[in-house]
Each structure stands twice: as C-alpha cells, then as structure tokens.
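Engineer: The structure follows.
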Amino acid sequence: VRQSIAIAATGLVAGIVGALAAGRFAPSGAVQTAASASPRAPGAVIVPPGWDHVFSARLNAVETELVQQRARSMTHEAVAPSAEIPTSEAGPSRVAQRAEHYEKEIQAYTKRLAEHQQESVDEDWAWEQRRRVREALETSPAEGPATRAIEVDCRSKTCLGRLTFGSPLDALRYLHLSSLPVPRGCNGLTSTPLPPQSDGSYDLTILYTCRP
Amino acid sequence: MKPKKIAAAAALFVTSAALSFALLAPKTATSGTRAVTANGGCTGSGQNYTCLGVVGTDFNTANLDGAWFEFQRFTANSMTMTVRLKRATYTGTVSLDTANASYASGGHGEIFVQSVNTKQNGWEYDFLWGEFSSNQTAWGPLGVFYEFN
Chain V
53 VRQSIAIAAT GLVAGIVGAL AAGRFAPSGA VQTAASASPR APGAVIVPPG WDHVFSARLN
113 AVETELVQQR ARSMTHEAVA PSAEIPTSEA GPSRVAQRAE HYEKEIQAYT KRLAEHQQES
173 VDEDWAWEQR RRVREALETS PAEGPATRAI EVDCRSKTCL GRLTFGSPLD ALRYLHLSSL
233 PVPRGCNGLT STPLPPQSDG SYDLTILYTC RP
Chain E
159 MKPKKIAAAA ALFVTSAALS FALLAPKTAT SGTRAVTANG GCTGSGQNYT CLGVVGTDFN
219 TANLDGAWFE FQRFTANSMT MTVRLKRATY TGTVSLDTAN ASYASGGHGE IFVQSVNTKQ
279 NGWEYDFLWG EFSSNQTAWG PLGVFYEFN
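Chains as they are written, first to last, in my numbering: chain V, 53 to 264; chain E, 159 to 307.
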C-alpha cells in the first residue's frame, strides 16, 4: 500500500512540475492582439520598400535642413537634452523588416520564374493557353492604366505575362485592380513587382498557375 | 529502496512531467477558421461583393488552406459564380486563387478555393480578402470561412 501511495504521489508531483514548467513558457501579455494586420480595401496601391525614392529624396532634404537648423540654433543657445527630436524605436526596425521581407519575396518570385522557364512545353496546350492569356490581358479593365506591350509565354502548367506600362506606378495600379484579369484555363496568379530601374517605362511580370 | 525501484520511480517522474509539459505547454494556433459574415464583413452590391479576411501572428498566410465562399441564390435562372481568394503582402506582392461554379436553379451555394498562390512565402503582415462575382444579381453572399492549418 505504501508503495502505491508513493507511486501516485510521484506522478502527482511530476504532473505539477510539468505544469509549472509549461507555465514558464507561456507568452506574456496579449499575444493575439500584438500584430494583427488591418485589412486594406481592395484596389489600394501598396508601394514596395525602396520604390518611393522620390518621396525619400524629399524627406532626406527636409531632414538635412532640420539638422542644419538645429546646428545653427545650438551655436546661439544651449539646447536642453529634452529638446531632442523624438525618434521612433519601432520605425527603423519595421522598415528594415519590410525591406528584408521584400528581398525574400523577390528571391521566391525569381525562383518561381526560373521554374517556369524550366518547365517542358506542351505545344498544343501552350498555343491555346497563350491565346487565352493574351486575350484576357488585351481586354484591360476600363479603370486600369493602359499597357504599351504584352508578351505571353506558356509552357505546360504555367504562363508568364509581361506587361509594359508607362511608369512603375501604373504597373502597381494595374496589379491592385479589383478586376485584375485571370485568363480562362488558369486558376490563380502571383506577381512581385521588381524594383524599377527608372521612373519611365516599366515591365511587370505576372505568373499564372493554370494546371497542377 | 532498491536501485531498480529508484530508477523506476525516476523514470515515472520524468515521463509524467514530460506528458504534463507536452499537454499544457502553450502553442501557436495551428489550425482553425476565421469566419466573416456578409452583414459584418462584406461590401458590394448586385453582381460583386468583397469580404475581408484577417491575418496576424496567429494566422500566418503560410498556413492558409483555402476559403469557403458561402452564398444564397434567389433565381430560378442559371447562374455562374466566380470567387477569388486574394492576398496582397505588406511589401507589394499580389496573388490570388480562383474557382467557379455554374448552377441551374436557386438554393444555397458554396465554393471552396484552395490556397496555392496565396500561401506562397506566407507572412503575418498580409492583407487578405475574398471576392464574389456573378453574371446574375439575384443572389447574396452569406460570408466567407478562411481556413488555415
């Protein structure tokens, strides 16, 4: 009887130890509400990190001017530490995190484009599907920016559309259209807009998934 | 106590502790459904409706299985419905998965869209939503169930 009680007590104590150990690993604070993303209205344009260089240039000019003004004022009067310009600790890390993720997206998308290029070509399917994709892309939504040129390449499962727009911003506007066309015979798409080389003509690639 | 009994007791202790830990240790949510009702989370009229989706630390789009699009048809005429599961990342990538169905008469309709493109390189900072579009107007969305594993 004593042995049975000892075994039961051992199990009970072990259970409590395990539960306490589990409690130590519990996340503190409200985790669920920490980083929920708010839904954005379809059609809004998301500018990838690094694209808004015009805005960045203006911001840099303002910052430079501000620093110069501060330097000038410091030569005339003492500036208390409390007069420091407040900086957001979350700002830079968030920007860096966004840039890092964009880099990963570019790598993943480039890999998918390479996989498309390596696909074998099913001539019959590719010919018909190329026609369908071109037809869908040429029927541009009325509210969308005009395309200057369209190239389509279909293989055996996927098709690649290359659309030339007048500017990078036009390409982003097109990509965020609520009526973004999906060609007949395809059931999905992905596009990561690659960093533009200039503010002029821009090629947007869209990868269509059509067969499993 | 004999050494064998001590060893057995120790093994029992460790096993029990490990089991308690495994059962009680907090885990990241790994499966579930986020439901969005037409009344609370859908906008649109006539042929087209958009229903929002919610992602976050406990709903990373990498775990997105797909979405059930639920709707009611009020017409005796034939009707086609196209639904799109759409995602825009915080960094500018746009992806979507789509499915469609045709109906000869009225009644309840549901279409499942498998997540293929919309789960690639998933993240918690994504914008997710569902779109209905039909060639008829005599129908209404009930809502969307976003499912994740």
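Cβ atoms here follow ideal geometry from the backbone N, Cα and C, with glycine treated the same way.
#1: Where DSSP assigns a beta bridge to H266 (chain E), which residues make up the other side?
#2: Cα-Cα, which of V:E157, V:Q120, V:V204 is closest to E180 (chain V)?
#3: Leaving out the 5 sequence neighbours to the left and right, which residues in its chain are closer than 6 angstroms to V302 (chain E) when beta-carbon positions are compared?
#4: Short of 7 angstroms in beta carbon distance, which residues of its chain neighbour A201 (chain V), apart from the five on each side in sequence? Order them along the chain.
#5: Please confirm if R150 (chain V) has its CB atom under 8 angstroms from at least one CB of chain E.
#6: Report back the beta-carbon spacing between L286 (chain E) and V213 (chain E) to the nearest angstrom; my notes put them in contact at under 8 angstroms.
#7: Is the Cβ of Y207 (chain E) closer than 8 angstroms to any Cβ of chain V?
#8: Find out if the Cβ-Cβ distance for the pair T242 (chain V), T251 (chain E) is shorter than 8 angstroms.
#9: Compute the beta-carbon to beta-carbon distance between T247 (chain E) and E157 (chain V), rounded to the nearest angstrom, for a pair I have assumed lies under 8 angstroms.
#10: With DSSP as the reference, label E195 (chain V) as helix, strand or coil.
#11: Checking 8 angstroms against the spacing of the C-beta atoms, do S273 (chain E) and D216 (chain E) come in under that value?
#12: Tell me which same chain residues have a C-beta within less than 8 angstroms of the C-beta of L254 (chain E), skipping the five on either side of it?
#13: I want to verify the contact list: residues of chain V whose CB lies under 9 angstroms from the CB of L254 (chain E), in sequence order.
#14: Exposed or buried, P299 (chain E), counting other C-beta atoms within 10 Å across all chains shown (16 or more means buried)?
#15: Could you tell me whether any Cβ in chain V is nearer than 8 angstroms to the Cβ of L300 (chain E)?
#16: Please list the terminal residues of the continuous beta strand (DSSP E) segment that includes D222 (chain V).
#17: G252 (chain V) to D222 (chain V), Cα distance in whole Å?
#18: Would you say T249 (chain E) and R164 (chain V) are within 8 angstroms of each other, going by their C-beta atoms?
#19: Under three-state DSSP, which class holds N279 (chain E)?
#20: What are the boundary residues of the beta strand (DSSP E) that V274 (chain E) is part of?
#21: Report yes if the C-beta distance between T116 (chain V) and E171 (chain V) is below 8 angstroms; otherwise report no.
#22: Since R214 (chain V) is in the beta strand (DSSP E), which residue starts that stretch and which ends it?
#23: As a quick exercise: from V:G237, V:P197, V:V147, V:P248, pick the residue whose alpha carbon is nearest that of R184 (chain V).
#24: Can you check whether the CB of C206 (chain V) is closer than 8 angstroms to the CB of R182 (chain V)?
Structural biologist: From the atom records:
#1: E:Q230
#2: V:V204
#3: V194, C209, A225, F227, G288
#4: T216
#5: yes
#6: 5 angstroms
#7: no
#8: yes
#9: 7 angstroms
#10: coil
#11: no
#12: R242, L243, K244, R245, N275, T276
#13: L232, V234, G240, L241, T242
#14: buried
#15: no
#16: First-last for D222 (chain V): 220-227, but that is the alpha helix (DSSP H), not the beta strand (DSSP E).
#17: 10 angstroms
#18: no
#19: coil
#20: Run containing V274 (chain E): none; DSSP gives neither H nor E here.
#21: no
#22: 210-217
#23: V:G237
#24: yes
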